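Residue numbers (the numbering used here): 55 to 283.
The beta carbon of each residue, even a glycine, is placed where N, CA and C say it ideally should be.
Given the structure is predicted, the values throughout are model-derived calculations rather than measurements.
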């Protein structure tokens, strides 16, 4: 399979991955994005379709920025919200450059050669807006809770229901929200909804640990066995 075919397969399946390049000095990118703020509502606010429409407009404006393609590589709900806005080919553009804001970059280091690599990333502020966060106030000064149209990557990544790719279970939830059949949920509600049974959590941890062993041993052996080109 070509790089394009592999990338297209991973993106369409919602599998998280990176498009890394060697980290070298130079090519520093300074972004001048329009500041965005988390919307504010008060307790008892009745959400309507107009709220969801305003959210999608703000979300899409963030995704269409130069680093927005990083959302296609994110997996989970971030991927789902990006793939309906951006063409799959955007995932092939690779890193836009070295950013002054380090939160806008993903960094990795080869543990055998110590060579450093980087890719574009989303900042926490951008993720907060992409998933549709509201600050809900109980009065004029106190934030009572955070309301979210979709769960945070932390909720998803730490859940035993994270199967490493997009599933019909998550697609059903997304479609319900997208068709106005639900309203933003408190962060704790999302956490409880995705928590799952303890036995599934233990199974998920076991699978993750075994996958890491596979990558650190078998895949390394195969890579070292390749002839030098």
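A check of alpha carbon separations from residue 98 across 143, 201, 244, 235 identifies 201 as the nearest. About 7 Å separates the beta carbons of residue 73 and residue 149, which is inside the 8 Å limit, making them a contact pair. DSSP lists no bridge partner for residue 143.
A Cβ-Cβ distance of about 19 Å is found for the pair residue 69 and residue 227, leaving them out of contact under the 8 Å criterion. Secondary structure at residue 181: helix, using DSSP grouped into helix, strand and coil. With respect to the C-alpha of residue 109, the residue from 94, 122, 66, 123 having the closest C-alpha is 94. CA-CA distance, residue 187 to residue 225, rounds to 20 Å. Relative to residue 239, the option among 124, 204, 115, 230 whose CA is nearest is 204. Residue 135 sits close to residue 184, with the two beta carbons spaced by under 8 Å. For the 8 Å CB-CB criterion, residue 177 and residue 241 do not form a contact. It is roughly 12 Å from the alpha-carbon of residue 76 to the alpha-carbon of residue 160. As DSSP reads the structure, residue 190 sits in a beta bridge with 95, 199. When the beta-carbon positions are compared, residue 117 and residue 139 come within less than 8 Å of each other. The alpha-carbon of residue 179 is positioned some 16 Å away from that of residue 120.
If you look at residue 113, you'll find it in the alpha helix (DSSP H) that goes 103–117. In the three-state reduction of the DSSP assignment, residue 226 falls in the helix class, which pools H, G and I. Counting other Cβ atoms within 10 Å of its Cβ, residue 133 reaches 16 or more and is therefore classed as buried.
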